[in-house]
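Asker: Protein sequences, first through last, are from chains L and X. The opening residue of the first sequence carries number 1 in UniProt numbering; numbering runs sequentially from there. The opening residue of the second sequence carries number 1 in UniProt numbering; numbering runs sequentially from there.
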Amino acid sequence: MPSFSHFLSTFGETKGVFIDAMILTLKLTVVSVLLGIIIGLFFALLKISNFKVLGWISDAYVFLVRGTPLIVQIFILYFGLSGIFLIPDFWAAALALAFHNGAYISEIFRGSIQSIDQGQMEAGRSLGMTQSLAMRRIILPQAFRRALPPLGNQFIIGLKDSSLAAFISMNELFNVATTLGSNNFDEMTYLLIVAIYYLILVALLTLAVNVLEKKLAKSDR
Amino acid sequence: MMKKNILLFISILFLISILSACAEKDKLADGSELVNKDEFVFAASGEFAPFSYMTNDMKMKGFDVEVGNAVAKEMGLKPVPKRLKFKGIVEGVKTGRADAAVASHTINPLRSKHVAFTTPYYYSGPQIFTRPDSKIKTADDLKGKEVAVAKGSTYADVAGKHTSNLKMYDSDITALKALDGGRHDAVITDFVTGKTARKEGFKIEGRQLIERSEQAIVIPKDNPKLVKRVNDALENLRKDGTLKKISMKYFGEDITTKPE
């Protein structure tokens, strides 16, 4: 283990590079989780639709994503898709992560939508709303509030999964840590430093989710 | 129900349009193709000091990178070095992630099936490295010994001819570091890499130089015009002494001319 003073001085010296890397990690996470929420909502709605074929499409997507490791998906999107159309490095990584997060998020949404009492839909329908209007105005707002805690959890998982983008040349936190570590023959110091940065990010995310939850809970009263 | 059909139709249309859109590279007047028309994007691993390595502010430097820069400038293009894991570089060049790889790739028949090579920009060879107290002297002594090499390098094949006990590492430097730390019996890697590691304070010694190898720039097979352009650039750089100058800076000797 490195000495504490060595750790502190290295931490100070490498602040610049690590903060750049932290920004990239945060960008990757935010873009991929937000895209994942859109993808997830889309597939959750397919899944609960009355139209069976749409449900199968959603099932197939979830099966594909949950059935293969994230690193395999990233490599396929990065190397495989470029033969069809060339997406920039950042977007290859962000799309792979979004595609991955989307499957888990679709299950979160499906669960929370199905947890809303049937009577809510019936009440909306009896007021003359169409099914889709009742879905948008009554079911989804309630479902979203229930989905928030698991969504926050998925955000944190997504943040840590973004470290796998290191393998497709993204200079995000983990890549910077291992590169500097092997440069200076001092892996442990840099791994400890990068752990601190991840903890800071996760703490900030947790805080943000808590604030959002409190805000949405107000309308319950 | 109508709405859902439309939704399904749109999503299928969207998928088809994504799948049919083709990755078009920019075509230049002489028929060569580049990812971006003003840039020469070349890949290196950044894990193969002193050929390519990362500085502490995450910039890639080294002999390969300087050669790539010089080639780009000679062709009148902006050099864009790009870092890719060594085992992914050939795939990256094939799939258009980079125009070329200036990454110390040794010319060999297996690689030639998948990608095109330019003329060699340096000459080297795999060498056996051991700890100073080792009795291993030549390749024949490697029989049954544990030899560490970098994944995806040609040294794995070289080592495989002499022993079946191979250990794979992500990079040559980690393999040498493990050797220095008391693991494995030997490492087979480029003689320049080993020499540099020794200078860095690794407790290792070079033994037999197994064979001679030629290192060249890797370019996709479907881009022969670019091969010609890079070859012309390399020839100019050889003639005006630029390659020699870069070599002297890094190694104190000229490794860019064919040894007698």
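Don't be surprised by glycine CBs; every beta carbon is placed ideally from N, CA and C.
(1) Mind reading off the beta-carbon distance from residue 237 (chain X) to residue 74 (chain X)? Whole number of angstroms is fine, and I expect it under 8 Å.
(2) Can a CB atom of chain X be found closer than 8 Å to the CB of residue 163 (chain L)?
(3) So residue 45 (chain X) packs on residue 126 (chain X), CB below 8 Å; how close in whole Å?
(4) Along the beta strand (DSSP E) that carries residue 213 (chain X), what are the first and last residues, could you check?
(5) From what residue to what residue does the beta strand (DSSP E) around residue 78 (chain X) run?
(6) Exposed or buried, residue 282 (chain X), counting other C-beta atoms within 10 Å across all chains shown (16 or more means buried)?
(7) Measuring straight from C-alpha to C-alpha, what distance separates residue 82 (chain X) and residue 124 (chain X)?
(8) Can you name the residues of chain L whose CB is closer than 8 Å to the CB of residue 57 (chain X)?
(9) Excluding the 5 residues preceding and the 5 following residue 55 (chain X) in the sequence, name in chain order all residues of the same chain whose CB lies nearer than 8 Å to its CB.
(10) Below 8 Å on the Cβ atoms is my guess for residue 229 (chain X) versus residue 128 (chain X); work out the distance and round it to an integer in Å.
(11) Where does residue 6 (chain L) sit, in a helix, a strand or coil, going by DSSP?
(12) Taking the straight line between their C-alpha atoms, what separation do you get for residue 111 (chain L) and residue 126 (chain L)?
(13) Report, in whole angstroms, the separation of the C-beta atoms of residue 40 (chain L) and residue 132 (chain L), which I expect to be a contact under 8 Å.
(14) In this structure, how does DSSP classify residue 38 (chain X) when only helix, strand and coil are distinguished?
(15) Using a Cβ-Cβ distance cut-off of 8 Å, determine whether residue 179 (chain L) contacts chain X.
(16) How would you label residue 154 (chain X), buried or exposed, when you count the other beta carbons within 10 angstroms and need 16 or more for buried?
(17) Any beta carbon of chain L sitting closer than 8 Å to that of residue 173 (chain X)?
(18) Just by C-beta distance, which residues in the region 74 to 86 of chain X are closer than 9 Å to chain L?
(19) Looking at the strands, I want to know which residues DSSP matches up with residue 169 (chain X).
(20) Which residues, in chain order, does the region 237 to 258 of chain X contribute to contact with chain L at a C-beta distance below 7 Å?
(21) Take the Cβ of residue 136 (chain L) as the centre, count every other Cβ of all protein chains shown within 10 Å, and call the residue buried at 16 or more, exposed below.
(22) Which residues, taken in chain order from the region 44 to 78 of chain L, show a beta carbon closer than 7 Å to some beta carbon of chain X?
(23) Within 8 Å (strictly less), CB to CB, does residue 189 (chain X) reach chain L?
(24) Using a cut-off of 7 Å between C-beta atoms, extract the partners of residue 91 (chain X) located in chain L.
(25) Output needed in chain order: residues of the region 96 to 107 of chain X with a Cβ under 7 Å from some Cβ in chain L.
(26) Check each candidate in L:1, L:128, L:16 and name the one with the smallest Cα separation from residue 173 (chain L).
(27) Since residue 54 (chain X) meets chain L, which of its residues come closer than 7 Å, beta carbon to beta carbon?
(28) Kindly list the residues whose CB is nearer than 6 Å to the CB of residue 250 (chain X), restricted to its own chain and excluding five residues on each side of it in sequence; keep chain order.
(29) With H, G and I counted as helix, E and B as strand and the rest as coil, what does DSSP make of residue 19 (chain L)?
(30) Can you name the start and end residues of the alpha helix (DSSP H) that residue 52 (chain X) belongs to?
(31) Short check: CB of residue 247 (chain X) to CB of residue 53 (chain X), under 8 Å?
(32) Using a 10 Å radius around the Cβ and a threshold of 16 neighbouring Cβ atoms, would you call residue 106 (chain X) buried or exposed?
(33) Using a Cβ-Cβ cut-off of 8 Å (strictly less than) and excluding sequence neighbours within five positions of residue 205 (chain X), which residues of its own chain qualify?
(34) Which runs of the alpha helix (DSSP H), 4 residues or longer, sit entirely within the region 45 to 129 of chain L?
(35) Could you give the distance in angstroms between the alpha-carbon of residue 161 (chain L) and the alpha-carbon of residue 149 (chain L)?
Answerer: Taking the structure as given:
(1) Taking the first residue of the second sequence as position 1, residue 237 (chain X) is located at position 237. Taking the first residue of the second sequence as position 1, residue 74 (chain X) is located at position 74. Going by Cβ atoms, the distance from residue 237 (chain X) to residue 74 (chain X) rounds to 6 Å, so yes, they are a contact pair.
(2) Your numbering for residue 163 (chain L) matches position 163 in the first sequence. Residue-level contact by beta carbon fails for residue 163 (chain L) and chain X, as no gap is shorter than 8 Å.
(3) Walking along the second sequence from the start, residue 45 (chain X) turns up at place 45. Walking along the second sequence from the start, residue 126 (chain X) turns up at place 126. For residue 45 (chain X) against residue 126 (chain X), the beta-carbon gap comes to about 17 Å, at or over 8 Å, which does not count as contact.
(4) Taking the second sequence and counting its residues from 1, the one referred to as residue 213 (chain X) is at position 213. Taken as a continuous stretch (DSSP letters only), the beta strand (DSSP E) holding residue 213 (chain X) covers 213 to 220.
(5) Sequence index remark: in the second sequence, residue 78 (chain X) carries index 78 (1-based). It spans 78 to 83 - the beta strand (DSSP E) in which residue 78 (chain X) sits, taken as one unbroken run.
(6) Nothing about residue 282 (chain X) can be read from this structure; chain X reaches only from 1 to 260.
(7) In the second sequence, the residue the question calls residue 82 (chain X) occupies position 82. In the second sequence, the residue the question calls residue 124 (chain X) occupies position 124. Approximately 24 Å between the Cα atoms of the pair.
(8) Translated into the one-based positions of the second sequence, residue 57 (chain X) becomes position 57. Within 8 Å Cβ-Cβ: 16, 17.
(9) Within the second sequence, the letter at position 55 stands for residue 55 (chain X). Closer than 8 Å at the Cβ level, and outside the excluded window around residue 55 (chain X), lie 61.
(10) As a working mapping, residue 229 (chain X) is identified with position 229 in the second sequence. As a working mapping, residue 128 (chain X) is identified with position 128 in the second sequence. A Cβ-Cβ separation of about 38 Å leaves residue 229 (chain X) out of contact with residue 128 (chain X) under the 8 Å criterion.
(11) Translated into the one-based positions of the first sequence, residue 6 (chain L) becomes position 6. It is helical.
(12) As a first step, residue 111 (chain L) is located in the first sequence; it is residue number 111 there, counting from the start. As a first step, residue 126 (chain L) is located in the first sequence; it is residue number 126 there, counting from the start. If I take the Cα positions, the gap works out to 24 Å.
(13) Your numbering for residue 40 (chain L) matches position 40 in the first sequence. Your numbering for residue 132 (chain L) matches position 132 in the first sequence. Going by Cβ atoms, the distance from residue 40 (chain L) to residue 132 (chain L) rounds to 18 Å, so no, they are not a contact pair.
(14) The residue you call residue 38 (chain X) lines up with position 38 of the second sequence. Here residue 38 (chain X) carries a coil assignment [DSSP, helix/strand/coil].
(15) Along the first sequence, one-based indexing puts residue 179 (chain L) at 179. It does: the Cβ of residue 179 (chain L) has a partner Cβ on chain X nearer than 8 Å.
(16) The sequence position of residue 154 (chain X) within the second sequence is 154, counting from 1. Residue 154 (chain X) should be labelled buried.
(17) Looking up residue 173 (chain X) in the second sequence gives position 173. For residue 173 (chain X), the nearest beta carbon of chain L is closer than 8 Å to its own beta carbon.
(18) Those would be 82, 83, 84, 85, in chain order.
(19) One-based indexing of the second sequence puts residue 169 (chain X) at position 169. DSSP output for residue 169 (chain X) lists X:150 as bridge partner(s).
(20) Within the region 237 to 258 of chain X, no residue has a Cβ that lies closer than 7 Å to any Cβ of chain L.
(21) Here residue 136 (chain L) is taken as the residue at index 136 of the first sequence, counted from 1. Counting the other Cβ atoms within 10 Å of the Cβ of residue 136 (chain L) gives fewer than 16, which makes it exposed.
(22) Hits within the stretch, in order: 49, 51, 54.
(23) Translated into positions along the second sequence, residue 189 (chain X) becomes position 189. No - not a single Cβ of chain L is within 8 Å of the one on residue 189 (chain X).
(24) If you number the second sequence from 1, residue 91 (chain X) lands on position 91. Within chain L, the residues whose beta carbon sits less than 7 Å from that of residue 91 (chain X) are 79, listed in sequence order.
(25) Cβ contacts with chain L: 96, 97.
(26) In the first sequence, the residue the question calls residue 173 (chain L) occupies position 173. For residue 173 (chain L), the closest of L:1, L:128, L:16 by C-alpha to C-alpha distance is L:16.
(27) For the purposes of this step, residue 54 (chain X) is identified with residue 54 of the second sequence, where counting begins at 1. Neighbourhood of residue 54 (chain X) in chain L, by CB distance below 7 Å: 179, 183, in chain order.
(28) Translated into positions along the second sequence, residue 250 (chain X) becomes position 250. Around residue 250 (chain X): 50, 63.
(29) Walking along the first sequence from the start, residue 19 (chain L) turns up at place 19. Secondary structure of residue 19 (chain L) (DSSP, three-state): helix.
(30) For the purposes of this step, residue 52 (chain X) is taken as residue 52 along the second sequence, with counting starting at 1. Premise fails: residue 52 (chain X) lies in the beta strand (DSSP E), 52 to 54, not in any alpha helix (DSSP H).
(31) Reading the second sequence from its first residue, position 247 is the one you call residue 247 (chain X). Reading the second sequence from its first residue, position 53 is the one you call residue 53 (chain X). Contact flag unset, no.
(32) Indexing the second sequence from 1 puts residue 106 (chain X) at position 106. By the Cβ neighbour-count rule, residue 106 (chain X) is buried, with 16 or more other Cβ atoms within 10 Å of its own.
(33) Indexing the second sequence from 1 puts residue 205 (chain X) at position 205. Once the five neighbours on either side are set aside, the close Cβ partners of residue 205 (chain X) are 129, 130, 131, 132, 134, 198.
(34) You should have 52 to 67, 70 to 75, 89 to 115, 118 to 126.
(35) Here residue 161 (chain L) refers to the residue found at position 161 when the first sequence is read from its first residue. Here residue 149 (chain L) refers to the residue found at position 149 when the first sequence is read from its first residue. When the Cα atoms are used, residue 161 (chain L) and residue 149 (chain L) turn out to be separated by approximately 18 Å.
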